[in-house]
Amino acid sequence: MRPQPTSTEPLAAAPAAHIEAPKEPPRTPKQIARARRKAAAKRVWREYRKNKMGMAGLIILGLFIFVAIFAPLLASSCGLDPTCPSTGPQLQPPTLKYPLGTDDLGRSVLTLTIWGTRISMTVGLVSTAITMVIGTTIGLIAGYYGAWRETVLMRMTDWFLVLPFLPLAIVLATLLGPSFYTVIFVIGITSWPATARVIRAQVLSLKTRPYVERARALGASDWHLVTRHILPNVGPLIFANTVLIVAVAILSESTLSFLGLGDPLHTSWGTILENSFGAGAPFAGNWWWVIPPGLAIVLVVLSFTMIGYALDDILNPKLRAR
Amino acid sequence: MSTRRYLISKVLQALLTLVFVLAFNFFLFRGVGDPVTQLLRGHAGITRQSVEQLQRQLGLDLPLPQQFVHYVKETLEGHLGYSYFYNLPVSQVIAGRIWPTVLLIGLSTLASTALGIWIGIRQGWRRGSRYDQGMLGFTLFTYSMPEFWFGLLVIMAFAVGVGPFPALFPTGGYESTGAGYTGFAHVVDVVNHMMLPFFVLTLSYLGQYSLIMRSSLLETLGEDFIVTARAKGVRENRVLYGHAVPNALLPTMTVTILELGFVLSGVITIELIFNWPGLGLLTATAVDARDFPVLQGLFLLFSGSVIVANLVADLLYSYLDPRVRAG
Chain A
94 MRPQPTSTEP
104 LAAAPAAHIE
114 APKEPPRTPK
124 QIARARRKAA
134 AKRVWREYRK
144 NKMGMAGLII
154 LGLFIFVAIF
164 APLLASSCGL
174 DPTCPSTGPQ
184 LQPPTLKYPL
194 GTDDLGRSVL
204 TLTIWGTRIS
214 MTVGLVSTAI
224 TMVIGTTIGL
234 IAGYYGAWRE
244 TVLMRMTDWF
254 LVLPFLPLAI
264 VLATLLGPSF
274 YTVIFVIGIT
284 SWPATARVIR
294 AQVLSLKTRP
304 YVERARALGA
314 SDWHLVTRHI
324 LPNVGPLIFA
334 NTVLIVAVAI
344 LSESTLSFLG
354 LGDPLHTSWG
364 TILENSFGAG
374 APFAGNWWWV
384 IPPGLAIVLV
394 VLSFTMIGYA
404 LDDILNPKLR
414 AR
Chain B
13 MSTRRYLISK
23 VLQALLTLVF
33 VLAFNFFLFR
43 GVGDPVTQLL
53 RGHAGITRQS
63 VEQLQRQLGL
73 DLPLPQQFVH
83 YVKETLEGHL
93 GYSYFYNLPV
103 SQVIAGRIWP
113 TVLLIGLSTL
123 ASTALGIWIG
133 IRQGWRRGSR
143 YDQGMLGFTL
153 FTYSMPEFWF
163 GLLVIMAFAV
173 GVGPFPALFP
183 TGGYESTGAG
193 YTGFAHVVDV
203 VNHMMLPFFV
213 LTLSYLGQYS
223 LIMRSSLLET
233 LGEDFIVTAR
243 AKGVRENRVL
253 YGHAVPNALL
263 PTMTVTILEL
273 GFVLSGVITI
283 ELIFNWPGLG
293 LLTATAVDAR
303 DFPVLQGLFL
313 LFSGSVIVAN
323 LVADLLYSYL
333 DPRVRAG
């Protein structure tokens, strides 16, 4: 697959120190921290709203999330079944009844694309969650503990980074057999190395900050340091990285499905394209069967990428300064 | 660190990675199941004796570590196993497919790097201009597009024809079958077949190179020596091509080499849809036929070439930028 456009420069956490003091001074440190984070989030959102690219991405994404959630209301799931009475003539160009035409089994391409949204988005999000958990854990342990743990983990990460992504995913998916869960697992398990590296770099710079050293001198445990001081500050970075990885995961899903490694029972956008290619649609000029699912992929991936770059612009102080 | 120690450590690291890939490849495919059962699939008259004989032949009666040593030895000698599907040694199957892929990847990478660098320079030099904005949009779009879908669109537009427009290029393949072209006519024929996959691959990866060149140039333009050059009255054109571009080219060049792994991935689907008889198409057919020995061999070849590319990038970088060696 393509390289993940992760920023190589570590993001700094939104500076929380110089914000206007809240009207009523909070009492516990927890409340202070919460108030500061809330203010920081507000400030990021204010900045984000000014970013045209980011807002455009957010609107497109919102549209697709809507379609994914309300798929049953937009198109009857019966339309996915070739024996369903709502299917029409085979390979019909777009008409009023079938706005995007029909496939070789008479199913409405619009219905297929609407339901494909669910599968493609689910695979993208869940596999990204796996990637982030593995990548963050490895990056945190390597960066925080250093020494032999770092050597072993980072060497391992470098090894996995070298393995070409798609061939590895293909091999794994072939070995495990085509299924919905295989695709999620394969994408999740193959795309963590880049994340681990980014997180580690950030942790390395965070752990030498004075406030972390102060907390350590006061006798804070490793667990406290990691969960209370390191993790919250890697948070923005993890967030921006996640958004970009979802884009890559959705692209990977479409490629794996196109190669016939997707779940034949769960129609994703990649599966629709595989079916159309298998039936010779591009060669027979059945453009209505080829264009919609691909366009859906482009739009969703584009929206995630735009949101990711916008977040990077806002959260990365190095980019802002330029 | 001295140069020599730097080089040696890089080469050793690459070798270590290669060993990892070998081990990974070995154990991964052991997870599929017993190779003997797979080999004998569909054969009649299998006796216990023949099974045991085959096990001995393949070295499967040995303990696992010994099997691994055996596998490494065989691999180093170029024996990659036997394809179920083609009934040929895997090395022979792969060797027959290397040339078309090298041709396609090589030419399209050359084209997309050269174009990408040129576009990136113009973008970085006029940052924020309409050209820059437009190209950024284009880059984001090509990045978000699955290569194979773009390929299908191109097939519909140029190989099948839209409405009154005729088909301009063949839909796929490496050459016209049965035409028996030789010499120059053959070259023209192959070029004609390669046009569309070449176009798709070039355009798909163009954006990544221009993006890297752009940000690398922007970074260089902010350096002190650029300010110095301008202060001493160097002409703008010379500031760009004499001072900024040569320095900005470094990261772009190494990244180009490192991209190989991703280009390899893209080539799998592109070769499939254009029926280009290279390693990518071989991968796709091996997936369909569940031809594990071929997949194993291909995976080794792909990872191996990425490792070598990484090493070349490292060495090249240290040669071109002495600061790396010193650090």
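Note that the protein sequences, when read in sequence, are chains A and B. Heads up, the first sequence is in this note's numbering, so the first residue is 94 and it goes up one at a time. Heads up, the second sequence is in this note's numbering, so the first residue is 13 and it goes up one at a time. Yeah, the Cβ is synthetic: ideal placement off N, Cα and C, and Gly gets one too.
Burial state of residue i, where buried means 16 or more other Cβ atoms lie within 10 Å
| i | result |
| --- | --- |
| Ala107 of chain A | At Ala107 of chain A the pLDDT is 48, less than 50, meaning the model places this residue with poor confidence; the figure from the coordinates comes in the next sentence. Counting Cβ neighbours within 10 Å, Ala107 of chain A comes out buried, since at least 16 surround it. |
| Val202 of chain A | buried |
| Phe160 of chain B | buried |
| Ala126 of chain B | exposed |
| Gly236 of chain A | buried |
| Trp241 of chain A | exposed |
| Ser298 of chain A | exposed |
| Gly140 of chain B | exposed |
| Tyr342 of chain B | Lying outside 13 to 339, the shown extent of chain B, residue 342 of chain B is not represented and no answer is given. |
| Asn37 of chain B | buried |
| Phe196 of chain B | exposed |
| Leu104 of chain A | Residue placement at Leu104 of chain A is poorly supported in this model, since its pLDDT is 47, which falls under 50; the coordinates are not used for a value here. |
| Ser156 of chain B | buried |
| Arg139 of chain A | exposed |
| Gly184 of chain B | buried |
| Thr240 of chain B | exposed |
Distance, residue j Cα to residue i Cα
| i | j | result |
| --- | --- | --- |
| Thr250 of chain A | Ile231 of chain A | 9 Å |
| Ala243 of chain B | Asp144 of chain B | 26 Å |
| Phe311 of chain B | Leu349 of chain A | 16 Å |
| Leu19 of chain B | Phe80 of chain B | 29 Å |
| Trp380 of chain A | Asp236 of chain B | 54 Å |
| Gly199 of chain A | Phe286 of chain B | 27 Å |
| Ile223 of chain A | Asn368 of chain A | 28 Å |
| Ile310 of chain A | Leu330 of chain A | Position check: residue 310 of chain A holds Ala in this sequence, whereas Ile was assumed. Their Cα atoms are separated by approximately 27 Å. |
| His322 of chain A | Ala333 of chain A | 19 Å |
| Gly339 of chain B | Gly378 of chain A | Since pLDDT at Gly339 of chain B reaches only 49, below the 50 mark, its modelled position is unreliable, and no value is offered. |
| Met168 of chain B | Ile277 of chain A | 31 Å |
| Leu272 of chain B | Asn322 of chain B | 9 Å |
| Ala287 of chain A | Ala126 of chain A | 30 Å |
| Ala128 of chain A | Val137 of chain A | 14 Å |
| Gly149 of chain B | Thr180 of chain A | 39 Å |
| Pro187 of chain A | Gly173 of chain B | 19 Å |
| Ile158 of chain A | Pro165 of chain A | 13 Å |
| Gly150 of chain A | Val391 of chain A | 12 Å |
| Ile407 of chain A | Tyr141 of chain A | 7 Å |
| Lys300 of chain A | Trp316 of chain A | 13 Å |
| Met94 of chain A | Thr232 of chain B | Unreliable positioning characterises Met94 of chain A in this predicted model, as indicated by a pLDDT of 45, which lies under 50. The coordinate reading is nonetheless provided below. Cα to Cα, the separation comes out at about 29 Å. |
Secondary structure of residue i, DSSP reduced to three states
| i | result |
| --- | --- |
| Gly371 of chain A | helix |
| Tyr143 of chain B | helix |
| Pro101 of chain B | strand |
| Thr195 of chain A | strand |
| Ser272 of chain A | coil |
| Tyr96 of chain B | coil |
| Ser14 of chain B | coil |
| Ser284 of chain A | coil |
| Ser453 of chain A | Examination of residue 453 of chain A is not possible in this model, given that chain A is present from 94 through 415 alone. |
| Cys177 of chain A | coil |
| Trp241 of chain A | helix |
| Glu159 of chain B | helix |
| Leu104 of chain A | Here the model assigns Leu104 of chain A a pLDDT of 47, short of 50, so the residue's position is not dependable and the matter cannot be decided. |
| Gly312 of chain A | coil |
| Gly190 of chain B | coil |
| Trp288 of chain B | coil |
| Ser350 of chain A | helix |
Proximity of residue i and residue j at Cβ, strictly below 8 Å
| i | j | result |
| --- | --- | --- |
| Trp417 of chain A | Ala389 of chain A | This structure gives no information on residue 417 of chain A, because the portion of chain A shown stretches from 94 to 415. |
| Ser216 of chain B | Gly278 of chain B | yes |
| Val299 of chain B | Phe97 of chain B | no |
| Ile280 of chain B | Thr295 of chain B | yes |
| Leu218 of chain A | Val327 of chain A | no |
| Val245 of chain A | Leu40 of chain B | no |
| Val394 of chain A | Leu324 of chain A | no |
| Gly132 of chain B | Met225 of chain B | yes |
| Phe211 of chain B | Val166 of chain B | yes |
| Pro260 of chain A | Phe274 of chain B | no |
Any non-hydrogen atom of the ligand NAP within 7 Å of residue i CB
| i | result |
| --- | --- |
| Val160 of chain A | In the structure on display, the ligand NAP does not appear, and there are no ligands present to speak of. |
(message) Using 8 Å as the cut-off, can you tell me whether the segment 260 to 277 of chain B makes contact with the segment 213 to 222 of chain B, which would need three or more C-beta pairs spanning the two stretches below that distance?
(response) yes
(request) Would you check if the segment 254 to 264 of chain B and the segment 124 to 142 of chain B touch, i.e. whether three or more CB-CB distances between them fall below 8 Å? (result) Flag = yes, the segment 124 to 142 of chain B and the segment 254 to 264 of chain B touch.
(message) Quick test of the definition: if touching needs 3 or more C-beta pairs under 8 Å, does the segment 111 to 124 of chain B touch the segment 322 to 335 of chain B?
(response) no
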